[in-house]
Amino acid sequence: MHRSPPLFHPTPKLHPSAMAYVSLESNLPRPPTTMSWTSEYSEPPPYDMCDPPSLLTAAYTDKMASFPRPQDVASSSTGVPRAPWLSSPRRATANLSIPHLREALHSLESKMATLLSERDLLESKLEQAVRLQSPVQRVPNDLLSSIFSIAVLDGDEEDSITLSNLMLVCRYWREVAVHTPMLWTRISMGTHRSVDRALLKLDRSRSAPLYICLDFSPRMEHGTISTESIITAMDLIRPAIWRWKTFHLTVPNRPQAHVALTRCRESAPLLEVLSIRVAHSMQEDHYSAPPMPLFERHTPCLRSASFTSFNFGWDLALLSNLRTLRACPQLEELVLRNMSDVDPESCASLVSEGSDQMQDDYALARVSDTRTIHLPRLRRASFYYSGNLRTRTVFSLLSFPALERIELCYLDNVSPILECLRKQSLTVLPLRHLRIESCFMNELRFARLLPRLPALTSLELVDVEDVTSNLMRIGKEMVQWLRMYVAEVKCETVKSVWGEPSLS
Numbered sequence: 001m002h003r004s005p006p007l008f009h010p011t012p013k014l015h016p017s018a019m020a021y022v023s024l025e026s027n028l029p030r031p032p033t034t035m036s037w038t039s040e041y042s043e044p045p046p047y048d049m050c051d052p053p054s055l056l057t058a059a060y061t062d063k064m065a066s067f068p069r070p071q072d073v074a075s076s077s078t079g080v081p082r083a084p085w086l087s088s089p090r091r092a093t094a095n096l097s098i099p100h101l102r103e104a105l106h107s108l109e110s111k112m113a114t115l116l117s118e119r120d121l122l123e124s125k126l127e128q129a130v131r132l133q134s135p136v137q138r139v140p141n142d143l144l145s146s147i148f149s150i151a152v153l154d155g156d157e158e159d160s161i162t163l164s165n166l167m168l169v170c171r172y173w174r175e176v177a178v179h180t181p182m183l184w185t186r187i188s189m190g191t192h193r194s195v196d197r198a199l200l201k202l203d204r205s206r207s208a209p210l211y212i213c214l215d216f217s218p219r220m221e222h223g224t225i226s227t228e229s230i231i232t233a234m235d236l237i238r239p240a241i242w243r244w245k246t247f248h249l250t251v252p253n254r255p256q257a258h259v260a261l262t263r264c265r266e267s268a269p270l271l272e273v274l275s276i277r278v279a280h281s282m283q284e285d286h287y288s289a290p291p292m293p294l295f296e297r298h299t300p301c302l303r304s305a306s307f308t309s310f311n312f313g314w315d316l317a318l319l320s321n322l323r324t325l326r327a328c329p330q331l332e333e334l335v336l337r338n339m340s341d342v343d344p345e346s347c348a349s350l351v352s353e354g355s356d357q358m359q360d361d362y363a364l365a366r367v368s369d370t371r372t373i374h375l376p377r378l379r380r381a382s383f384y385y386s387g388n389l390r391t392r393t394v395f396s397l398l399s400f401p402a403l404e405r406i407e408l409c410y411l412d413n414v415s416p417i418l419e420c421l422r423k424q425s426l427t428v429l430p431l432r433h434l435r436i437e438s439c440f441m442n443e444l445r446f447a448r449l450l451p452r453l454p455a456l457t458s459l460e461l462v463d464v465e466d467v468t469s470n471l472m473r474i475g476k477e478m479v480q481w482l483r484m485y486v487a488e489v490k491c492e493t494v495k496s497v498w499g500e501p502s503l504s
């Protein structure tokens, strides 16, 4: 009978040594199938610092680790198991590569910064080399300074906008402009001028002649002008008084003008133009104490002096010896405006001009020095409300062979002045322009003067009447007669009550 196979196979009998091996293998701990990165011996992997090269290196290390090395066999024979975190090549590689990579990046950044600096340096050198090749950069400094001076100082006043634009072109032009003293010689100070800019110009002008203008004109927007501001401005420019070439002073009243001029005690060897103007001309103030002498009475180059509404306490001193005019032989322009006349009673005595005055009682103030004052370069003279007695006395002592233009305005009787012009014409008088306004004169003296002026080209008679016995007014016949001697004749008179001019 055929037997079926048994359902359970009997356990085979093993050798005792084999039984010991089986029991030993069963007691060994089995490694976990998955490694826990959050165990108590390790930290989560640095995903942010993981990069492909490190992963490839770790994989290659794992593959090579599958082959036993002698030291590994020796260690395994001891039977001591190793911790899983010590046998992780990926973790060890990541920990060792972070400082190295950071140091490598820092080194690259340092090299890049050095290269960028070298690039900027090379670019600046290239730009400078290209600029030096331009024709403008090859212009000499002296020639460039002359061009700047012509552009900025072409008119009477400096063109500050042009100067600022020139300094903004490039660094080279700015250095040339700063080291050109002539560009900084126009100094203006006043209520709307900066004191700091004046100091800057005084420093940069070095020893060049200065053109000073102090304008403290009273204006509504400026308010009241204090005397302290005028004193501050004068004290600022006083140390450079030896460099003054022109000096213009405009102040509201006469006391402020006196205070300002008391600072002008040093000599001014380069001064050519002096102008003093008082805005409020209707003030009547007198000073008992004589003022200090201006500029130590040393102005050898003065050629133009203008005083408007200014009383310097010099009425008697002016007519005593006329030292100021005698000290200015190079004077080219003489202007006297808005000055109170000399008081005849304050003079020592009055003398008559003589019997040849055709019964005219014209008096002159006696002067201590009757020598003639020679002004060979005087070309323009203007007397505008300067006092009849003062004007006659000064004019009678002058010698002016180069006079070309004269204006006589608001002087009452100008017949003595016309006689002085006639006497000067006996030698030489190249007079080209004559203006008489709001004065009266002797027609016969005027008629005797005109034939002596062959160079006269312009004659202006504004509101003029004669002083003869018949009181004849200038009419069309006289105008036609004047045109026989003068190319251009202009006669104007004040209109009558009904608005009709007196000349038809």
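The sequence shown begins at 1 in the UniProt record's numbering and counts up one residue at a time.
Note that the Cβ used here is the ideal one computed from N, Cα and C, for glycine as well.
Asked: Could you tell me whether the region 370-380 touches the region 417-425, where touching means 3 or more Cβ pairs closer than 8 Å?; Found: no
Asked: Are the beta-carbon atoms of L294 and C328 separated by less than 7 Å?; Found: no
Asked: When the Cα atoms are used, what is the spatial distance from S309 to R326?; Found: 23 Å
Asked: Between the beta-carbon of A455 and the beta-carbon of R432, is there less than 7 Å?; Found: yes
Asked: I need the DSSP call for D215, collapsed to helix, strand or coil.; Found: strand
Asked: Does the separation of the CB atoms of R174 and M167 fall below 7 Å?; Found: yes
Asked: Given a cut-off of 7 Å, decide if P430 and E460 are closer than it, judged by their beta-carbon atoms.; Found: no
Asked: Counting C-beta neighbours from all protein chains within 10 Å, is the total for G155 16 or more, i.e. buried, or is it exposed?; Found: exposed
Asked: Can you look up N442 in the DSSP assignment and give me helix, strand or coil?; Found: coil
Asked: Where do the ends of the alpha helix (DSSP H) carrying Y172 lie?; Found: 171-178
Asked: Could you check what DSSP says for I225 in three-state terms: helix, strand or coil?; Found: coil
Asked: Starting from H258, follow the alpha helix (DSSP H) in both directions and report where the run begins and ends.; Found: 254-261
Asked: Do L336 and F400 have their C-beta atoms closer together than 7 Å?; Found: no
Asked: Taking the alpha-carbon positions, what's the V178 to A104 distance?; Found: 51 Å
Asked: Can you give the Cα-Cα distance for P209 and L163, rounded to whole angstroms?; Found: 19 Å
Asked: Kindly identify the DSSP beta-bridge partner or partners of A381.; Found: L334, I406
Asked: Can you tell me which residues form a DSSP beta bridge with residue 508?; Found: The first residue shown for the chain is 1 and the last is 504, placing residue 508 beyond what the model contains.
Asked: Relative to the C-alpha of E333, which candidate in T180, S386, V273 has its C-alpha closest?; Found: V273
Asked: So what does M189 bridge to, in DSSP terms?; Found: L214
Asked: According to the Cβ coordinates, are R445 and S396 closer than 7 Å?; Found: no
Asked: Three Cβ pairs or more, each shorter than 8 Å: is that satisfied between the region 259-267 and the region 234-246?; Found: yes
Asked: Write down the C-beta distance between P255 and P218 rounded to the nearest angstrom, noting that I regard them as a contact closer than 8 Å.; Found: That belief does not hold up - the Cβ atoms of P255 and P218 are roughly 14 Å apart, past 8 Å.
Asked: Taking just the CA atoms, how far does L144 sit from T246?; Found: 26 Å
Asked: Can you tell me where the alpha helix (DSSP H) with A279 in it begins and where it stops?; Found: That residue, A279, is in no alpha helix (DSSP H); it is neither H nor E in DSSP.
Asked: In the DSSP assignment, find the unbroken beta strand (DSSP E) run with T250 in it and report its ends.; Found: 244-251
Asked: Comparing alpha-carbon positions, which option in R277, R119, R297 lies nearest Y268?; Found: According to the sequence shown, residue 268 is Ala rather than Tyr. Taking only the C-alpha atoms, the option nearest A268 is R297.
Asked: Check each candidate in L236, V136, D203 and name the one with the smallest Cα separation from L214.; Found: L236
Asked: Tell me which residue opens and which closes the alpha helix (DSSP H) that S425 is part of.; Found: 415-425
Asked: Applying the criterion that 16 or more other CB atoms from any shown protein chain within 10 Å of the CB defines a buried residue, is D419 buried or exposed?; Found: Checking the sequence, you will find Glu at residue 419 rather than Asp. E419 comes out buried.
Asked: Does E272 come out as helix, strand or coil in the three-state DSSP assignment?; Found: coil
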